[in-house]
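What follows is one structure encoded as structure tokens, with my remarks underneath.
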Amino acid sequence: MLHGKTFLKEKESAWEDAGDGITRKITGHNTQMMMVKVKFEKGATGYVHDHYHTQSSYVASGKFKITIGGESEILEAGDTFFVHPNLKHGAECLEAGILIDVFSPVREDFL
1 MLHGKTFLKE KESAWEDAGD GITRKITGHN TQMMMVKVKF EKGATGYVHD
51 HYHTQSSYVA SGKFKITIGG ESEILEAGDT FFVHPNLKHG AECLEAGILI
101 DVFSPVREDF L
């Protein structure tokens, strides 16, 4: 449940500014898992970072250069990527788009 809700309607929820051309919206979470929509403007960069969470991501729209563990790939709508815990990774937005990120456990730093 998200804030007491089982369902989240797009038009009834707000985007949160994550800075530098990136906004995000938490779409659901409990202590074990979290899903987040992340919207990128063209040219926005998700800086290279790592965290102890497992992450699986789906490219909903746009085009991204994704770097994981020093290896880069260009991904487009319909593509996915997986990040093991504590592995350095980042994203460069080549065409405006949205990533759907799933984390386990929940990213408490996003709440």
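Take the sequence shown: its position 4, counting from 1, is numbered 4 in UniProt numbering, and each next residue is one higher.
No residue lacks a Cβ here, since even glycine has one placed at the ideal position from N, Cα and C.
Expressed to the nearest angstrom, what Euclidean distance is found between the alpha-carbon atoms of G21 and K42? 8 Å
Can the beta-carbon of M33 be found less than 8 Å from the beta-carbon of V106? yes
Can you say whether F7 is buried or exposed, counting buried as having 16 or more other CB atoms within 10 angstroms of its CB? exposed
Give the range of the beta strand (DSSP E) segment to which V59 is assigned. T54 to I68
8 Å CB neighbourhood of L111 in its chain, flanking five on each side removed: Here the set comprises I26 and H29.
Chain-order list of residues whose beta-carbon lies under 8 Å from that of A18 (same chain, five-residue window excluded): R24 and V38
With a 10 Å radius around its C-beta and 16 neighbouring C-beta atoms as the bar for buried, classify S72 as buried or exposed. exposed
Test item: CB-CB of A91 and G62 under 8 Å: The answer is no: Cβ separation not under 8 Å.
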